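**Student:** With the numbering used here, you'll find the sequence shown wraps up at 492, consecutive numbering, no jumps. One structure coming up, written as structure tokens, with questions to follow.
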Amino acid sequence: MQSICRSRSTCGNRPFSLPETATRNVLSVFSPMSRSSNALNASERRAVVSLALIFALRMLGLFMILPVLSVFARDMPESTPALAGLAMGIYGLTQAILQIPFGYFSDRVGRKRVITIGLVIFMLGSIVAALADTIYGVIAGRALQGAGAIAAAVLALAADLTREQQRTKATATIGASIGVAFLAALMLAPVLEGWIGVAGIFWITAGLPALMLPVLWWWTPDPVRVRRDADVVFNRALFGRILRHPQLIRFDLGIFALHLSLTSFFVVVPLQLVDTAGLPSNAHWKIYVPVLVLSVVGMLPLLIHAHRKNRYRETMAIAIALMVLAELAFGTLPAGIWTIAGGLWLYFVGFNALEAMLPSLISRVAPAGTKGTVLGVYNTFEFAGIFVGGLLGGWAYGAFGAAGAYLLTAVVLGAWLVLVLTAPNPKLLNSITLVWSSPAGSEADRLLARLTALPGVEDGTAVVAEGLVYLKVDPGSFDPASVDRFENLSLA
């Protein structure tokens with residue numbers, strides 16, 4: 001895929017910029033010129049709803065194990081805290097390794113075929129875990145679950161099936177489905193564990209592809225053509241440059257720390273609820289449900305503050321500080337039921353706020369035309385954090401007890417807080433996509449030179465093969481009417 005970039009600085013050193021997807025959709029932070037009067041058409045609605053459902057059901061199966069596995073695993077033959085933590089997080093390792101190759105594979109053999117292969121692998125992993133009678137069987141099953149890494153293929157199929165001006169809406173909807181799946185999993189898992197046990201949850205998870213595959217093949221539209229959309233597809237040529245980008249690597253390390261803390265948290269918290277608070281695992285929903293509902297209420301003022309005051313760095317710091325306080329409270333205070341409930345609330349207010357902000361923030365930090373690659377790296381760091389969090393939390397719990405695991409996680413989050421506080425203040429930039437009606441590689445440099453000379457245009461990339469031009473603009477000084485002078489360009 002031929003692409004040419006031009007920036008007011010250099011192509012490898014881009015300005016810090018701000019939210020574009022999930023948070024911007026929730027808070028309606030759209031510039032007037034980025035709005036489209038067109039809604040999703042019927043085919044796009046089918047595509048987005050079906051793919052969001054597939055993605056959500058897969059993540060539901062993965063997440064439902066989090067609040068129940070550590071209590072279940074400690075009674076299994078040959079289990080240790082470290083192995084229980086490995087069982088919790090190993091799906092992150094296989095997913096981190098395979099998500100980008102699955103995306104490339106889908107370019108060659110078809111999106112739906114690759115998604116089908118991934119769902120079958122996920123089903124086999126769930127069956128292996130359900131039949132396991134030792135901790136090693138659970139570890140193998142969880143590793144297989146993660147190996148069905150369909151995220152990149154699902155997002156690429158969404159890009160194939162939606163118009164450019166609807167792409168952000170589609171990916172934001174699919175992303176939001178993950179949050180819904182996470183909240184539902186934490187609420188449902190303890191109830192299901194009381195009815196059918198953890199093995200039963202694995203069997204339910206194994207049955208989910210039976211719902212997903214008919215949706216994929218009979219409801220999801222077939223793409224007319226495979227697109228190599230730079231905002232969705234991973235580009236190996238950009239990988240090194242992305243890793244050297246100082247703002248992007250801060251976000252990558254941040255999502256690593258966030259999901260490390262989450263997995264480590266669920267290695268220890270269920271055990272404390274049973275051992276210290278005297279609450280059986282099938283009653284943990286009595287804590288999780290009210291805490292999660294109230295945490296969503298608690299995060300809204302943070303998101304509103306970030307948007308209205310344009311204080312994203314400050315809001316991130318507050319959210320991380322809440323999580324650090326929660327870890328310190330767990331590690332130092334007597335572990336009564338109210339201490340655990342209060343600590344969980346603090347943690348999830350911070351976690352939910354960061355989970356809502358980070359994907360949209362990094363998509364706006366991404367240099368023009370590189371968002372697919374940037375998000376691929378970002379997701380790899382996220383999955384790696386899940387793996388390391390399970391391993392680290394289990395090891396620390398076995399070596400130092402619950403307090404040691406919490407305090408070690410507090411150190412990791414504290415390091416992230418320092419990283420955020422030392423970051424430069426963000427500059428609000430918007431992304432613009434232009435359709436180039438008669439693309440020609442020989443004209444790309446000249447076109448980008450003219451575009452980046454316009455007031456408010458900070459950066460630009462032309463993807464000749466797709467007939468698209470991606471711009472990063474300052475909404476305070478960019479006039480969308482300035483594009484009208486270019487006969488072959490129109491806003492997507």
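Glycine included, each C-beta is placed from N, C-alpha and C at the ideal position. For clarity, every value in this text was computed on a predicted model and none was experimentally measured.
Please tell me whether L525 and W345 are closer than 8 Å, where the distance is taken between their beta carbons.
**Tutor:** Given that the chain is displayed from residue 1 to residue 492, the structure contains no residue 525 and the question cannot be resolved.
**Student:** Could you name the residues that DSSP lists as bridge partners for N430?
**Tutor:** V473
**Student:** Quick check: the segment 356-370 against the segment 66-79, are at least 3 beta-carbon pairs closer than 8 Å?
**Tutor:** no
**Student:** Taking Cβ positions, are I200 and L211 nearer each other than 8 Å?
**Tutor:** Before going further, note that residue 200 is Gly rather than Ile in the sequence given. In terms of Cβ geometry, G200 and L211 do not form a close pair [threshold 8 Å].
**Student:** Would S43 be called buried (16 or more neighbouring beta carbons within 10 Å of its own) or exposed?
**Tutor:** exposed
**Student:** Verify whether the separation of the beta carbon atoms of A151 and Q99 is less than 8 Å.
**Tutor:** A contact, by the Cβ cut-off of 8 Å.
**Student:** Name the one or two DSSP bridge partners that V457 has.
**Tutor:** V473
**Student:** Determine the closest residue to Y136 out of I196, T80, Y378, with distance taken between C-alpha atoms.
**Tutor:** T80
**Student:** With distance defined between alpha-carbon atoms, name the residue in V154, L262, L155, T168 nearest to L391.
**Tutor:** L262
**Student:** Using CA atoms only, rank isn't needed, just tell me which of V198, V420, D107 is closest to L354.
**Tutor:** V420
**Student:** With respect to the beta strand (DSSP E) encompassing S490, which residues constitute its N-terminal and C-terminal limits?
**Tutor:** For S490, the enclosing beta strand (DSSP E) has its first and last residue at 489-491.
**Student:** Just curious, the alpha helix (DSSP H) that D107 is in, first and last residue?
**Tutor:** Where D107 is concerned, the enclosing alpha helix (DSSP H) stretches over 81-109.
**Student:** Can you tell me which of the three DSSP states V377 falls into?
**Tutor:** helix
**Student:** Quick one: what's L51 bridged to in DSSP?
**Tutor:** BP columns for L51 are empty, so no partner.
**Student:** Is P359 buried or exposed, if buried means 16 or more other CB atoms sit within 10 Å of its CB?
**Tutor:** Of the residues assessed, P359 falls on the buried side of the cut-off, its CB having 16 or more other CB atoms within 10 angstroms.
**Student:** How many angstroms separate the CA atom of P125 from the CA atom of V483?
**Tutor:** Position check: residue 125 holds Gly in this sequence, whereas Pro was assumed. Their Cα atoms are separated by approximately 52 Å.
**Student:** Just the C-alpha distance for L131 and A396, rounded to the nearest angstrom, thanks.
**Tutor:** 28 Å
**Student:** Enumerate in chain order the residues of its own chain whose CB-to-CB distance from I287 is below 8 Å, with the five nearest sequence positions on each side excluded.
**Tutor:** L273, L279, I337, I340, A341, L344
**Student:** Have a look at the DSSP bridge pairing and note the partners of W436.
**Tutor:** L489
**Student:** Considering only residues of the segment 274-315, which uninterrupted alpha helix (DSSP H) runs meet the minimum length of 4 residues and lie entirely inside it, listed in chain order?
**Tutor:** 285-309
**Student:** Between G12 and the rest of its own chain, which residues show a CB-CB distance below 6 Å, the 5 nearest in sequence each way excluded?
**Tutor:** With a pLDDT of 39 at G12, under the threshold of 50, the modelled position of that residue is not reliable, and the figure given next carries that caveat. R241, listed in sequence order.
**Student:** Measure from the alpha carbon of T433 to the alpha carbon of each residue in P480, H259, F348, then state which is nearest.
**Tutor:** Of the candidates P480, H259, F348, the one whose C-alpha sits nearest the C-alpha of T433 is P480.
**Student:** Spatial neighbours of S438 within its chain, please: C-beta separation below 7 Å, excluding the five flanking residues on both sides.
**Tutor:** Counting only Cβ-Cβ distances below 7 Å, and skipping sequence neighbours, we find N488.
**Student:** Could you have a look at A39 and say whether DSSP puts it in helix, strand or coil?
**Tutor:** If DSSP states are grouped into helix, strand and coil, A39 belongs with coil.
**Student:** Tell me the DSSP secondary structure of L468 in three-state form.
**Tutor:** strand
**Student:** Helix, strand or coil, according to DSSP, for V463 in the structure here?
**Tutor:** strand
**Student:** Can you tell which of L325, D222, G460, A156 has the C-alpha that lies nearest to the C-alpha of F55?
**Tutor:** A156
**Student:** Which residues bound the alpha helix (DSSP H) around M212?
**Tutor:** 167-214
**Student:** Just the C-alpha distance for A181 and L57, rounded to the nearest angstrom, thanks.
**Tutor:** A straight-line Cα-Cα distance of about 7 Å links A181 and L57.
**Student:** Which of the three DSSP states, helix, strand or coil, is assigned to E355?
**Tutor:** helix
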